[in-house]
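Participant: If you want our numbering, it's the 1-based position in the sequence shown plus 54.
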Amino acid sequence: MIDLVDAATIGNERGALRFGDVRRAGDGSAEYVTAVLEVGGLNARTEVVANYAQGFDDLVEFFRQLAQDWRGWTGERVWESVEGELSIAAAHRGHVELDVRLQGGPHRRWSARSTLLIEPGEELSRGARDLADLLAERRSQ
């Protein structure tokens with residue numbers, strides 16, 4: 055397991071997408087977050103850049119909507135970071151299947167991909183809440 059500061063986890067011991075090590079701008083908004091894909095012996099990490107216009111609001115909303123629709127949805131829902139370091143495709147088949155792809159290194163020379171099986175309901179809701187808390191704007195005191 056890769057150590058992260060103030061991490062949010064989407065998943066479980068069988069496989070997880072973890073977020074942490076947030077770097078913030080002077081106004082407290084999240085500019086970068088580290089994403090880690092952990093499945094079996096795979097531990098891949100990359101730094102994800104916030105969307106220039108909306109930060110990570112679209113990522114938070116993506117997981118919030120998945121959690122809200124825990125009973126199911128039709129088709130696939132997709133989120134991709136602005137620079138392509140992280141992409142997530144979600145499908146509901148009695149459980150939530152997250153097809154996660156990370157890319158990193160100079161010129162995105164490596165990639166790691168796996169499908170995570172997430173229980174709809176509390177497991178997904180907890181991850182969505184933790185991610186929203188992690189990426190929320192932090193004002194200096």
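For every residue, glycine included, the Cβ atom is placed at its ideal position computed from N, Cα and C. Quantities reported herein were computed from a predicted structural model and do not represent experimental measurements.
Thinking C-alpha only, which one of Leu188, Leu189, Ala182, Asp187 is nearest Arg118?
Facilitator: Arg118 has its Cα closest to that of Ala182, out of Leu188, Leu189, Ala182, Asp187.
Participant: Which one of Ser135, Arg162, Leu96 has the shortest CA to CA distance from Ala104?
Facilitator: Closest option to Ala104, Cα to Cα, is Ser135.
Participant: If the criterion is Cβ atoms closer than 8 Å, does the pair Leu120 and Ser168 meet it?
Facilitator: The answer is no: Cβ separation not under 8 Å.
Participant: For His161, is the classification buried or exposed, using 16 other Cβ atoms within 10 angstroms of its Cβ as the cut-off for buried?
Facilitator: It counts as exposed.
Participant: Is DSSP giving Ala182 helix, strand or coil here?
Facilitator: Correct three-state label for Ala182: helix.
Participant: Among the candidates Gly175, Val114, Val76, whose CA atom is the shortest distance from the CA of Gly148?
Facilitator: Of Gly175, Val114, Val76, the residue nearest in Cα terms is Gly175.
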